[in-house]
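Residue numbers (the numbering used here): 103 to 293.
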């Protein structure tokens, strides 16, 4: 199978926006009630559907978000090509081709263990919320990125997901110390 940039599908286009908003609010309340009735129980994850948002972590081993996602009843692994990448150095040319090849290889690795990689293009928040709605998922997981522009985007996605009633779990994966954790003035140097 080829991996390519796919445009997100439209959910129920042409419907009344007010009715869609009310339905979304009802679903958000139902998700919150389900989460409250099973909060803190690892066993409850086995009955839930999760969406795993992958970015620069295309690996099966040493992937905290993927390891946590393995405990869910159903898992949807998603890569979203952000056409408005906030990075001052977005992928271009050879780097973009390398990302494409990484996606192909990772998709093959996932297929080898019975998984599948869904690739979307567009705004990550919109794509993730759309996938959650389509799949009746109630949890979104990802590994955090430390760059300030990606950190800001992650926090926006988290706020939107919480506002829609989805649970968010993020994991430290790319650094021993994330910039907001490091306190150089508290280090003890033995010289």
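The beta carbon of each residue, even a glycine, is placed where N, CA and C say it ideally should be.
Computed from a predicted model, the values in this text were never measured in an experiment.
Item, Value
"Going along the chain, which unbroken runs of the beta strand (DSSP E) with 3 or more residues stay wholly within the region 170–213?", "176–183"
"Leaving out five residues before and five after residue 165 in sequence, what residues of the same chain have Cβ atoms less than 8 Å from its Cβ?", "159, 245 and 275"
"By the three-class DSSP mapping on this structure, what secondary structure does residue 247 have?", "coil"
"What would DSSP say about residue 227, mapped onto helix, strand or coil?", "helix"
"Evaluate residue 272 with the Cβ neighbour count: other Cβ atoms within 10 Å of its Cβ, from every protein chain shown; 16 or more gives buried, anything less gives exposed.", "buried"
"Compute the Euclidean distance between the alpha carbons of residue 229 and residue 169, then round it to the nearest angstrom.", "23 Å"
"When DSSP labels each residue in this structure, what does residue 236 get in the three-state scheme?", "helix"
"Alpha carbon to alpha carbon, how far is residue 178 from residue 203? Give it in angstroms, no decimals.", "20 Å"
"Using the Cβ count rule (16 or more neighbours within 10 Å means buried), how would you classify residue 199?", "exposed"
"What did DSSP end up calling residue 153 once you bin it into helix, strand or coil?", "strand"
"Where does residue 221 fall in DSSP's three states?", "strand"
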